[in-house]
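These notes are about the structure you will find just below.
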Ligand SMILES: [Zn+2]
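In the working numbering, the protein residues as written are 35 to 442.
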């Protein structure tokens, strides 16, 4: 499987120490299993996702850090006991990471009732631990300054981009984060969720598997969104947003892919959507761009173009004067994934009276959802038939409008 990184390396020694009493021991009844273990390297952290067959209650102590033990040949490491899970000897060889931050990940049977996750560290600053439901996942993000840059990004790109089966739909914001607030108190998070749900229905009707990052008005961090997307094995990621501007006359639809060229014009939109000041985006942006390169970037651009073209066509059925703000690039956190084609759509301005009226209407939401679904469908057709990007869409020839004349 292309996204599961790295060859397994013999970390056998460590595991044998973990499970001396387990050899030949029968598995007790009633335990859950480990379905998969995956890792992703980001500029400032490495993510480990352990997928389980059932939800678990993690110990309150969380991850515990143990200092290196050179006599036992153990590096600095973190461990977490996972109750009610049987892993047996499946991960006894461990998973090599070696990205300048993590050395590797091991899982072993610690007691008959507990599995233990061990993360061997090369560097460490702090970590974040959270769980995700359905399917149950444990997510650990380890932050630190790498001893070396994460290796050649192309090694992590899916080798097979000829399948479009699972679509991850991400309604932006939610819960404590309302996103932009517009005319008559119209909240972006509500518009996003309504369109996303309709989009899910239309995609399913076209035979796609659909995963929504949220299905209700709940708070979800950007890290959780990418974790949901990556660990669902999605082929396409579509983040749904609505725009805002201090200039109430500004309106229209624009579609974003991840910035690879350090363009400055979309920093404000990205800063707002990322929830961080624009100044912080600069170094991050360059690091991000390196990770989504080559074929995957051109696939994302193709997807963006098809989805955008359709959205404009659909919107013009309702309002011929709606401006086409075009395809753009920006340093959006949620698009920063190395495993699938990803786009972010800004469906209109909640701060503009006419856009707000449209975005509020269920028929318009349905029209946009249908058009986005058709765009994904066209993308699937092109990818699965092996069609190359047309000249107009070839890399470098992509029409990218700048919003310089449209400041906000
Ligand atoms: Zn937004």
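Glycine is no exception: its CB is placed at the ideal position from the N, C-alpha and C atoms.
Pick helix, strand or coil for residue 254, following the three-state DSSP scheme. coil
In terms of residues, what are the limits of the alpha helix (DSSP H) holding residue 225? 222-239
For residue 229, count neighbouring C-beta atoms within 10 Å of its own C-beta (all shown protein chains included) and say buried if the count is 16 or more, exposed if not. buried
Do residue 197 and residue 133 have their CB atoms nearer than 8 Å? no
With distance defined between alpha-carbon atoms, name the residue in 232, 233, 211 nearest to residue 460. There is no way to answer for residue 460, as the model of the chain reaches only from 35 to 442.
Judging by CA-CA distance, which residue of 158, 208, 343 is the nearest neighbour of residue 177? 158
Enclosing alpha helix (DSSP H) for residue 415 [first to last residue]: 396-418
Determine the burial state of residue 145: buried for a count of at least 16 other Cβ atoms within 10 Å of its Cβ, exposed for fewer. exposed
Residues proximal to ligand 1 by C-beta, any heavy atom closer than 6 Å: 206, 207, 213, 222, 275, 307
So the candidates are 119, 255, 282, 390; which of them puts its Cα closest to the Cα of residue 88? 119
Going by beta-carbon coordinates alone, are residue 221 and residue 154 separated by less than 8 Å? no
Could you tell me if residue 63 is buried or exposed, where buried requires 16 or more neighbouring beta carbons within 10 angstroms of its beta carbon? exposed
Just the Cα atoms here: how many angstroms apart are residue 135 and residue 72? 15 Å
For the beta strand (DSSP E) that contains residue 161, what are its first and last residues? 160-166
Taking residue 375 as the reference, which of 219, 347, 410, 74 has the closest Cα? 410
Report yes if the C-beta distance between residue 368 and residue 215 is below 8 Å; otherwise report no. no
Mind checking whether residue 448 and residue 332 have CB atoms under 8 Å apart? Past the boundaries of the shown model lies residue 448; the chain is included only from 35 to 442, so the question cannot be answered.
Give the secondary structure of residue 385 by DSSP, where H, G and I count as helix, E and B as strand, and everything else as coil. coil
Would you kindly work out how many angstroms separate the C-alpha atoms of residue 296 and residue 93, rounded to a whole number? The predicted position of residue 296 is uncertain, since its pLDDT is 47 and thus under 50; no value can be drawn from it.
DSSP-derived helix/strand/coil call for residue 262: helix
Simplified DSSP assignment, three categories, for residue 367: helix
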